[in-house]
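Trainee: So the sequence shown is residues 71 to 286, counted in this note's numbering.
Yeah, the Cβ is synthetic: ideal placement off N, Cα and C, and Gly gets one too.
Structure in structure tokens, see below.
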Amino acid sequence: MKKKKLNPIPPLPKSHQYLWWFCRGALFVWGAVMLFSGYTTEFLEAIFAIIFTHLWDLFQLLGGKTFITRLPYRVQTMLNVLLCFGVVVGTTVNKFTSFEHIDIPEHFLSGYIATAGSYELAVIIQGKQTKYKKLSPALAAMFSLAFGVMLLTGWEFYEFTMDRLYGLDLQRSYFNTEAGLIDTMTDLIVGASGSLIGMFITAFSKKSKEKKSNGN
Numbered sequence: 071m072k073k074k075k076l077n078p079i080p081p082l083p084k085s086h087q088y089l090w091w092f093c094r095g096a097l098f099v100w101g102a103v104m105l106f107s108g109y110t111t112e113f114l115e116a117i118f119a120i121i122f123t124h125l126w127d128l129f130q131l132l133g134g135k136t137f138i139t140r141l142p143y144r145v146q147t148m149l150n151v152l153l154c155f156g157v158v159v160g161t162t163v164n165k166f167t168s169f170e171h172i173d174i175p176e177h178f179l180s181g182y183i184a185t186a187g188s189y190e191l192a193v194i195i196q197g198k199q200t201k202y203k204k205l206s207p208a209l210a211a212m213f214s215l216a217f218g219v220m221l222l223t224g225w226e227f228y229e230f231t232m233d234r235l236y237g238l239d240l241q242r243s244y245f246n247t248e249a250g251l252i253d254t255m256t257d258l259i260v261g262a263s264g265s266l267i268g269m270f271i272t273a274f275s276k277k278s279k280e281k282k283s284n285g286n
């Protein structure tokens, strides 16, 4: 019995390429400005963000024949936009203005993207199994929501660890107040809301594409 071949990976559209390079360019310029302004931490933040904008390329280069090469480039596009917005806009607003609510769109988009990417991951992993023809959309949706919320929780673990190890104030853990708890729970609630919406939008869009491909 011949092994079923996977569909070829679609080429990366020029529009996505241009958007990726725009995000990388914005991150590089912002990081350079921060470095020459004496903000080394922000410069390193920009460097790490630029590295993460190359995840899809690294998957294609180092993934070999593993499932990770099947991850759609659209997930990387969403991640690049989030990184550019979060680092360039979010960090600038947090550092140089008194506006306190920039975290809301950041965590909402994080939840949306985490769930959309997790849905694709579930479909890709299950597609490698020979026992089932395809993954149930409901099961993929539940997995994506759970995995997306898990990633959001992991980020809060990161913020807590950085605050304790390096004396940062990512969670606003002021002494003898509930500011830290309120900040953490607000981030989780907003992120979970983004995950829930991302789950429904991704699931329904996938179902619609499936119907069109079947000619229904």
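Just curious, the alpha helix (DSSP H) that F169 is in, first and last residue?
Mentor: The residue labelled residue 169 in the question sits at position 99 within the sequence shown. Note, F169: premise wrong, no alpha helix (DSSP H); not H, not E.
Trainee: Considering T231, what are the terminal residues of the alpha helix (DSSP H) in which it resides?
Mentor: The residue labelled residue 231 in the question sits at position 161 within the sequence shown. Here the alpha helix (DSSP H) through T231 covers 207–236.
Trainee: Report all residues from its chain with a CB closer than 8 Å to the CB of G133; omit the five preceding and five following residues, and keep chain order.
Mentor: Position 63 of the sequence shown holds residue 133. Same-chain partners within the cutoff: T139.
Trainee: Look at the alpha carbon of D233 and the alpha carbon of I172, and state the distance between them as a whole number of angstroms.
Mentor: Residue mapping note: residue 233 aligns to position 163 of the sequence shown, counting from 1. Residue mapping note: residue 172 aligns to position 102 of the sequence shown, counting from 1. Rounded to whole angstroms, D233 to I172 spans 19 Å at the Cα level.
Trainee: Return the Cβ separation of F254 and T185 in integer angstroms, given the expectation that the two are a contact with Cβ distance under 8 Å.
Mentor: As a first step, residue 254 must be located in the sequence shown, where it is residue number 184. As a first step, residue 185 must be located in the sequence shown, where it is residue number 115. First, the residue type needs correcting, since residue 254 is Thr and not Phe in the sequence shown. Contact doesn't hold; Cβ gap of about 20 Å is too wide.
Trainee: Measuring straight from C-alpha to C-alpha, what distance separates L215 and S188?
Mentor: Within the sequence shown, the letter at position 145 stands for residue 215. Within the sequence shown, the letter at position 118 stands for residue 188. If you take the alpha carbons of L215 and S188, they lie about 8 Å apart.
Trainee: Within a Cβ cutoff of 8 Å, which residues of the same chain sit near F122, ignoring the five residues on either side of it in sequence?
Mentor: Taking the sequence shown and counting its residues from 1, the one referred to as residue 122 is at position 52. Same-chain partners within the cutoff: L149, L153.
Trainee: Relative to the alpha-carbon of H124, which residue among G95, A211, G264, W100 has its alpha-carbon at the smallest distance?
Mentor: Within the sequence shown, the letter at position 54 stands for residue 124. Of G95, A211, G264, W100, the residue nearest in Cα terms is G95.
Trainee: With distances taken from CA atoms, which of L128, V163, F155 is nearest L97?
Mentor: Numbered from its first residue, the sequence shown carries residue 97 at position 27. Closest by alpha carbon: F155.
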